[in-house]
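Undergrad: Structure provided below as structure tokens; questions to follow.
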Amino acid sequence: TDLASRQKAIVDLVQPIRDALQQVDAKLQQVEKDRIGAYAGLSEQVRALTRTSGTRVRTILVDAAAITHVDSTGLDMLRDLHGELEAAGIALRLARLKGTTRDSLDRAGLIETFGADSLFPTVEAGVTAFLAGAEERHR
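Sequence positions in the sequence shown follow the working numbering and run 4 to 142.
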């Protein structure tokens, strides 16, 4: 019938779009899986540092220069990791935060949580601050 042939023509016309959208959806799901894996990987790397260090870890300084964006999952991970480390007596510090990333942390209240003295413009400044604090502890 004429109606059946028109319906088939519409299905044939729409099928490539449907296939393309399914491919895009599969890629987005993979990106999401990779993003969550990256956050979990960072958390696990930091935890491993605290478990495997031959000496007591007092501070972890993260070079955050490569972090160009942080979403709500990342903000939650940072908040949880900070709390976990703080409870263990370990300070989490960040160096070289980009402006947009710093703004995201500020909007989420993490700058206040971390403390402004936990953020450094360079890795060297963070290390210098740690060493100065270590010097003070040994006096």
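All residues carry an ideal CB built from backbone N, CA and C; glycine is no exception.
1) If you draw a straight line from the C-alpha of Thr131 to the C-alpha of Pro19, how long is it?
2) Under the DSSP definition of a beta bridge, which residues are partnered with Phe117?
3) Name the DSSP bridge partner or partners of Phe123?
4) Would the region 91-98 and the region 51-66 be scored as touching if the rule is three or more Cβ pairs under 8 Å?
5) Given a cut-off of 8 Å, decide if Leu113 and Leu88 are closer than it, judged by their beta-carbon atoms.
6) Which one or two residues does DSSP pair with Ile63 in a beta bridge?
7) Just curious, the alpha helix (DSSP H) that Asp5 is in, first and last residue?
8) For Gln32 and Thr103, I'd like the C-alpha separation in whole angstroms.
9) Write down the C-beta distance between Val73 and Ser107 rounded to the nearest angstrom, noting that I regard them as a contact closer than 8 Å.
10) Going along the chain, which residues of its own chain have a beta-carbon closer than 8 Å to the beta-carbon of Ile93, five neighbours each way excluded?
11) Given a cut-off of 8 Å on the beta-carbon distance, is the pair Val49 and Leu84 in contact?
12) Can you tell me whether Ser121 is buried or exposed, with buried defined as 16 or more other CB within 10 angstroms of its CB?
13) For a test of the three-state rule: what should DSSP assign to His141, helix, strand or coil?
TA: In short, the structure shows the following:
1) 59 Å
2) For Phe117, which the question treats as bridged, DSSP gives no partner whatsoever.
3) Ala98
4) yes
5) no
6) Leu95
7) 5-55
8) Distance from the CA of Gln32 to the CA of Thr103, rounded to the nearest whole angstrom, comes to 25 Å.
9) 5 Å
10) Around Ile93: Thr53, Val60, Arg61, Thr62, Ile63.
11) Closer than 8 Å, so yes.
12) buried
13) Note that His141 has pLDDT 46, beneath the 50 cutoff, so the model's placement of it is unreliable and no number is given.
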